Amino acid sequence: MPKVAPSLLAANFAHLQKDIEMVNQSEADWFHLDVMDGRFVPNISYGIPVIKAIKKYAKKPLDTHLMIVEPDKYIMDFIKVGADILTVHYEACSHLHRTVQAIKNEGIQAGVSLNPHTPIAVLEDVILYLDLVLIMSVNPGFGGQTFIENTYKKVLQLRDLIDKSGSRALIEIDGGITEENGHKLVAAGADVLVAGSTVFKSKNPQETIRKLKYR
Ligand code: DX5
Ligand code: ZN
34 MPKVAPSLLA ANFAHLQKDI EMVNQSEADW FHLDVMDGRF VPNISYGIPV IKAIKKYAKK
94 PLDTHLMIVE PDKYIMDFIK VGADILTVHY EACSHLHRTV QAIKNEGIQA GVSLNPHTPI
154 AVLEDVILYL DLVLIMSVNP GFGGQTFIEN TYKKVLQLRD LIDKSGSRAL IEIDGGITEE
214 NGHKLVAAGA DVLVAGSTVF KSKNPQETIR KLKYR
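Per this note's numbering, the very first residue in the sequence shown carries number 34; after that it's consecutive.
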């Protein structure tokens, strides 16, 4: 059974506490938090003070997805406000091994995310150090986009790399996840499903979370 991480990007920011409580009381496993800087991606979302506020109410781990350039500068800030998992983009890091070590040295989990055009093979020499690999199944920057079908192939390739290397990294998929493609991704080897629109725009978000998890 996969972990489910609702993305608060699709929540109602005017009633964030209400949406946080919904996730607290649901069968979701993590909160997925999308940080966008308007440079790495063509959109700006929210940052450190908002995450600090979320942390006060969230009763599940904060899975923090940094879509920002030079993430090294802000690692400590995100850890201080309560990030439990910190994921950086491969494409934003010149010294990825160093960045991953910097996160892990603080005692939290480290993830690396790949854009849709970035092949799985670039992770070969760092996979053993990772707690999580986040495969983007849309181009990062916006919620509500259409799932890219090439993602299935990447999940199979990553599953193979993880199993052959002995890495314990979880495979997380992010972007355009629905109940239907979610189940196919889990069958291909995904461990964590991120879902924004599918959860928050549904009539019964808690039921949708349950369906993503149990079918
Ligand atoms: C996109 C973000 C996603 C986004 C997913 O750049 O990384 O986490 O919130 O939203 P949906 O599920 O609506 O595609
Ligand atoms: Zn995300």
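Glycine included, every Cβ here is placed at the ideal spot set by N, Cα and C. Note that the coordinates shown come from a computational prediction; the quantities given were computed from them, not determined experimentally.
Contact with chain B by residue i, beta-carbon distance below 9 Å
{"i": "L129", "result": "Absent from the structure: chain B. Only one protein chain is present."}
Local Cβ density within 10 Å of residue i, reported as buried at 16 or more and exposed below that
{"i": "E182", "result": "exposed"}
{"i": "T179", "result": "exposed"}
{"i": "E157", "result": "exposed"}
{"i": "A47", "result": "exposed"}
{"i": "A220", "result": "exposed"}
{"i": "P152", "result": "exposed"}
{"i": "Y247", "result": "exposed"}
{"i": "I195", "result": "buried"}
{"i": "G229", "result": "buried"}
{"i": "K186", "result": "exposed"}
{"i": "I77", "result": "exposed"}
{"i": "P20", "result": "In the structure as shown, the chain begins at 34 and stops at 248. Residue 20 is therefore absent and cannot be evaluated."}
Whole-Å CB distance - residue i paired with residue j, under 8 Å assumed
{"i": "P94", "j": "W63", "result": "5 Å"}
{"i": "V159", "j": "V145", "result": "7 Å"}
{"i": "I206", "j": "P39", "result": "With 8 Å as the limit, I206 and P39 do not qualify as a contact, their Cβ atoms being about 14 Å apart."}
{"i": "H98", "j": "H65", "result": "6 Å"}
{"i": "E213", "j": "L245", "result": "Not confirmed; about 10 Å, so no contact."}
{"i": "Y18", "j": "H130", "result": "Absent from the structure is residue 18, since the part of the chain shown begins at 34 and ends at 248."}
Opposing strand residues paired with residue i [DSSP bridges]
{"i": "P39", "result": "A228"}
{"i": "S146", "result": "H122 and L167"}
{"i": "F180", "result": "In DSSP, F180 forms no bridge with anything."}
{"i": "L66", "result": "T97"}
{"i": "L203", "result": "L165"}
{"i": "I77", "result": "D70"}
Check whether residue i and residue j have beta carbons under 9 Å apart
{"i": "F233", "j": "A44", "result": "yes"}
{"i": "V114", "j": "D70", "result": "no"}
{"i": "T132", "j": "D96", "result": "no"}
{"i": "D67", "j": "I118", "result": "no"}
{"i": "L41", "j": "V56", "result": "yes"}
{"i": "A223", "j": "P35", "result": "yes"}
{"i": "V37", "j": "L167", "result": "no"}
{"i": "I204", "j": "T231", "result": "no"}
{"i": "M100", "j": "A125", "result": "yes"}
{"i": "V148", "j": "H128", "result": "The residue you asked about is not Val; residue 148 is Asn in the sequence shown. The answer is no: Cβ separation not under 9 Å."}
{"i": "Q50", "j": "Y90", "result": "yes"}
{"i": "H208", "j": "M169", "result": "At residue 208 the sequence reads Gly, which differs from the His that was named. Yes, they are a contact pair."}
Give a yes or no on contact between the stretch 134–143 and the stretch 95–115, applying the rule of three or more CB pairs nearer than 8 Å.
yes
Is the stretch 75–85 in contact with the stretch 187–194, if contact means three or more CB pairs nearer than 8 Å?
no
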